[in-house]
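K.L.:
Residue numbers (the UniProt record's numbering): 1 to 929.
For every residue, glycine included, the Cβ atom is placed at its ideal position computed from N, Cα and C.
As the structure is a computational prediction, the values presented were derived from the model and not from experiment.
#1: Quick check on DSSP: helix, strand or coil for residue 174?
#2: Check whether the stretch 650-658 touches the stretch 626-633, counting contact only when three or more Cβ pairs, one atom from each stretch, lie closer than 8 Å.
#3: Tell me the rounded alpha-carbon separation between residue 163 and residue 136.
#4: Taking 8 Å as the cut-off, decide whether the C-beta atoms of residue 317 and residue 260 are in contact.
#5: Measuring CA to CA, which of 355, 298, 348, 365 is closest to residue 285?
#6: Which first and last residues belong to the alpha helix (DSSP H) in which residue 500 is found?
#7: Can you tell me which of 403, 827, 265, 344 puts its alpha carbon nearest to the alpha carbon of residue 334?
#8: Runs of 3 residues minimum, wholly inside the stretch 251-280: which ones carry the beta strand (DSSP E) assignment?
#9: Between residue 287 and residue 336, is the Cβ-Cβ spacing less than 8 Å?
#10: To which residues does DSSP link residue 640 through a beta bridge?
#11: In its own chain, which residues sit with a C-beta less than 6 Å from the C-beta of residue 386, not counting the 5 before and 5 after it?
#12: For residue 213 and residue 179, I'd like the C-alpha separation in whole angstroms.
#13: Am I right that residue 515 and residue 461 are in contact with their C-beta atoms under 8 Å? What's the rounded C-beta distance?
#14: Are three or more beta carbon pairs between the stretch 549-558 and the stretch 396-414 nearer than 8 Å?
#15: Ordered along the chain, which non-local residues of its own chain (more than five positions away) have a Cβ less than 8 Å from that of residue 299?
#16: Taking C-alpha atoms, which residue in 635, 304, 526, 703 lies nearest to residue 268?
#17: Just verifying my parser: in three-state terms, what is the DSSP assignment at residue 406?
#18: Relative to the alpha-carbon of residue 167, which residue among 134, 923, 196 has its alpha-carbon at the smallest distance?
#19: In terms of residue numbering, what span does the beta strand (DSSP E) encompassing residue 687 cover?
#20: Could you give the residue range of the beta strand (DSSP E) that holds residue 657?
#21: What is the C-beta distance between residue 207 and residue 146, in whole angstroms, given that I count them as a contact (C-beta under 8 Å)?
#22: Going by alpha carbons, who is nearest to residue 392 out of 769, 545, 142, 448?
#23: In chain order, what residues of the same chain have a beta carbon less than 8 Å from the beta carbon of residue 705, not counting five sequence neighbours either side?
#24: Would you kindly work out how many angstroms separate the C-alpha atoms of residue 91 and residue 272, rounded to a whole number?
#25: Helix, strand or coil: how does DSSP classify residue 742 here?
#26: Since residue 564 is in the beta strand (DSSP E), which residue starts that stretch and which ends it?
#27: Is residue 698 near residue 608, with beta carbons less than 8 Å apart?
#28: In the DSSP output, what is residue 715 paired with across the bridge?
#29: How would you label residue 319, buried or exposed, when you count the other beta carbons within 10 angstroms and need 16 or more for buried?
#30: Where does residue 572 land, buried or exposed, given buried means 16+ other C-beta within 10 angstroms?
#31: With DSSP as the reference, please indicate the residues paired to residue 584 in a beta bridge.
#32: Shortest alpha-carbon distance to residue 773 belongs to which of 583, 857, 440?
#33: Just to confirm the assignment, what range does the alpha helix (DSSP H) spanning residue 385 have?
#34: Work out the CA separation of residue 761 and residue 914 for me, nearest whole Å.
#35: Closest to residue 751 by C-alpha separation, out of 870, 511, 429, 458, would be which residue?
#36: I want to know whether the stretch 718-730 touches the stretch 429-439 - three or more CB-CB distances under 8 Å.
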C-alpha cells in the first residue's frame, strides 16, 4: 500500500470512529497530550497534508468515495468539533483558576483574544447549530416518517443551507437514509426533476414515491438561526384571575379602553424587546384578555395586570373578559404570530426544556398577535375616501403625481431589451392600470406612514407623542373608514413628554401617543390595535396643506355602545341556524353579520353627501350611523334602530336617489367616487379576452340559464365594477369639480392600459435557437429543473385547499354561531396548517447571470420563458433586462423629479421613489443634467 493510500485508510477509520456509533457524546476522540491537533489522527490535518502533497480537493473526495460537497461538509463538522474540544479545554482551565494569558500560552495561542473568543457563549452556540438541527430532524422523522429536505427547507427551519447540509450528513452517518428521486416533469415529457427526502432507518428507495407519506418540517421553527427549535404553536398558558384587576369606566378605564397594563420585571408577562404589543392572555383557562399591552410603573400591590375598559362597575370582573373558543389550534379566534408570538422563561417547575441550556422553562402568558415594528409602513397611495374631501388643488396635484408615476413605469418597461420579459410586464402593467382606474388611489404625500395608537393621559388636546416625526412639526391623523375633514385632528409633535417616553419608549418603531379626545374624533378609534395614517403637514415650512374642520356637534359625547348596546340583563337567543338575537329597550334584534356590506353603503352615502354639499347636521346623522355600523358586529349593537333614528332613508333619497331614462327610481352610489367600485352584473364571460385594435378588451359572452332555489329560471351573470364597464369615466360623474379631476385620472389609466396592450401585441420575440440550447444545455437543464419544482406546488396547493376546507366545515358544524370574521380567521389558519402538512409552498426561481445569458441567446422557448417569469422575482428580471448603456433619465422621470420636489419631497425621498441615487436627483434639480 502506497503512502497516500495508507493515509486515506486512516482517514476512513477516523470517519467511522467519529460517526459510526450513533448519538454518542458528539466529541471526536482525537489525539491526546498537549496539542492533539498536530497528531496524524487529526482529520483536518490529514486532509491538509494531502492537499500539500499535490492532490486537489476533487481528487481527495473522489479517492475517499465522497462528493466534494460531502467532503466540505465533513471538514466543516470537523472544524466545529475541533473548536468544541478547544472550548471545553479553555473552560476547564478557566475553572481551575488560570488567567486568560496563561490559557493562551498552554493552548498555543499568540494572545488572549483567541481564548476570549472560545469562552464566548455565542461561539459555542454557533458550533451546536448543526447538531441542534439534526436533533429536531431526528425527532420529526421519529414522529412523522419521511421528511422533505429539498429546496427552501432551510428557510422554513430558520437555519442556513450549510447548517442544514451538515445536519443531514450527521443523520446519514447515523443510518437515516437520504434518497434522491426522479419526479416526471410536467413541462418536459421524458425528463425528470430530482427530489430529496430523509427517511427512517430501513426505508427503501421506492417508498419516497408515495408522496402523501412525505411530510413537511414546519411543525418546528428556530428563532435563533438553528441553535434551538420550538414547536410553532403551544396551547396557551393561563393566568390566575387573582393577578388581574379591572379599571372600569368610573375609575378612568374609558380613557385607555382596550389597553392591558403589565407590571415591569414579571417573567411570565414579558414583552421581550418590545415596548408594546397586541396580545391575548388566557385567564382561568376559560376567558381571555384582548388588547394592546404596555408596561406600567403604577400597579397596586398584588396585581400584575390591569385591563382598562369602558364598561361600568355593574359588569362583573370575569364578564368583562371574552370567552375562549372551543378550538385547540386557535382558542382566541385570532392568529398568533408564527415567529415571536409565544416565548418561554426559565422556571425550575416548568414543563418545557430549553433546547440550548437544558434548563426547565414555562410558556409565557403573553401571546402576541402583532408587536412593535409590525404596524409601521410607508403608504404608497392616498385613498379617494380621504383625498376626495380635501381641496381641489391637492386632489389634482396627487392624482397628477400618480399619473406621472405610471407614465414613468410604462416608459421604463418599453425600454427593456428582452421582448418576452417586456410583454409579461406590459400585461401586468395594463392590469394594474385597469385596477387603478377602479380604485382611484392617488400618490402618497411625503413621509406619510401608518402608526398604531396608544393612550396618554397627560398629553394636551393639540399634541401627539410621535418620535418618528420631528419635534415641533404638525401632523394630520386620518383613520379609515374616513368620514370627512371633521374627523382629522391636526396635532403638534411633542417628543419631550415624560409619559410618552415611559409608555412607548424614546424610539418606538411604529406607534404614537394621543389622548382619548382625539381618539374619539378619529371616528371613535379604540386603543386595541387601531392604526391611523400620519401625514406631516401645515407647518410653516411644509408645502402640504391638509384641510381640517371643527368636530361636528352632533358627534360630541356620542358612545355607540351606550346608545345602541344590548341589555346585559337579557339572555342571548340563538336559533337553529346559529344566528344570535339580542334585546334593547324591549326590542329583539339580530346581530349584524355583514359589516363590510353595510359599511360600504354608509361610506358611499357620506362621500356622496360631502361632494354634494350636505349640511353639518345631516353629515352628523350619517357619521353617527357609520360609527354604529363599524362596531355593530363586535359589540352586538342595534344598527337597524340607528338607521331609523338617524333618518338614513331620507338622506339616501335626497343624495342618492335617481330616476333613469325609463322613469324607474333607484337609490345607491351617485358620484364617480362612490360608483367606481360599485358592483354591476354582466353576462357570464368565457375564455381570455380579445385585445382590440385600440388596446381595449372584448369578452366572449354566453347566455346561460339556471333554476334558482325557488324554481325560477334566471340568466347566469358574473360580477364586475361600474368603472371597469364604462369607456369614459365621466359617465359615472354627477358633475362636481372633484369628480372631474378623478374622471380625468381614471381615463388616463384606461388609456395607458390600452396603450400597454397595443405595445404588447406589437412586441416580437426572441427566436428559439437549437444551437443556443446546445451551447447552454446545463443552464437550460437547470432552469427547467427549477421550473418543475415551482410548478410541482400546484397539486400540493389543491390538496391543501381540500384539507383546509374540510377542517373549516367541521369547525362550522361544531360552532354554528361563527361569524364571517371568525370563519375567515379559521380559514386562514386551516390553510396555513394544511399547506405546511402537505409541503405546499411557492418556490421562486432564481435566475443566475449565466442562465440569463442563455435566455437572451434564445435557448429557452417563449412558452417556457413565460412560465419561468410567472414563477420568479420579476423585479430582479426587470433589472437584468434593463439596458445599461445610458445613465440619463427618461423625460417622464425628469418630470416626476420636478413634480415630487414641488410637492415637498426631500432629495432622499425622491431618490428612493425613483430608484436612483440622491446625487442623480440633485443634478437634475440643479440643472446639471
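P.N.:
Quick answer:
#1: Here residue 174 sits in coil by DSSP.
#2: no
#3: Taking the straight line joining both Cα atoms gives about 13 Å.
#4: no
#5: 365
#6: 498-504
#7: 827
#8: 259-263
#9: no
#10: Note: residue 640 sits in no beta bridge, so no partner.
#11: Exclusion of the five residues before and after residue 386 leaves 478, 482 as the residues of its chain whose Cβ lies within less than 6 Å of its Cβ.
#12: Cα to Cα, the separation comes out at about 14 Å.
#13: 7 Å
#14: Counting Cβ pairs under 8 Å, fewer than three are found: no touch.
#15: 261, 263, 306
#16: 304
#17: Helix at residue 406.
#18: 134
#19: 685-691
#20: In the DSSP assignment, residue 657 falls within the unbroken beta strand (DSSP E) covering 657-659.
#21: Indeed they touch by this definition, with Cβ atoms about 7 Å apart.
#22: 545
#23: 713, 714, 715, 716
#24: 30 Å
#25: helix
#26: That residue, residue 564, is in no beta strand (DSSP E); its alpha helix (DSSP H) goes 560-564.
#27: Not in contact: residue 698 and residue 608 (Cβ atoms no closer than 8 Å).
#28: 705
#29: Exposed, because fewer than 16 other Cβ atoms sit within 10 Å of the Cβ of residue 319.
#30: So residue 572 counts as exposed.
#31: 587
#32: 857
#33: 384-387
#34: 28 Å
#35: Comparing Cα-Cα distances from residue 751 to each of 870, 511, 429, 458, the minimum goes to 429.
#36: yes
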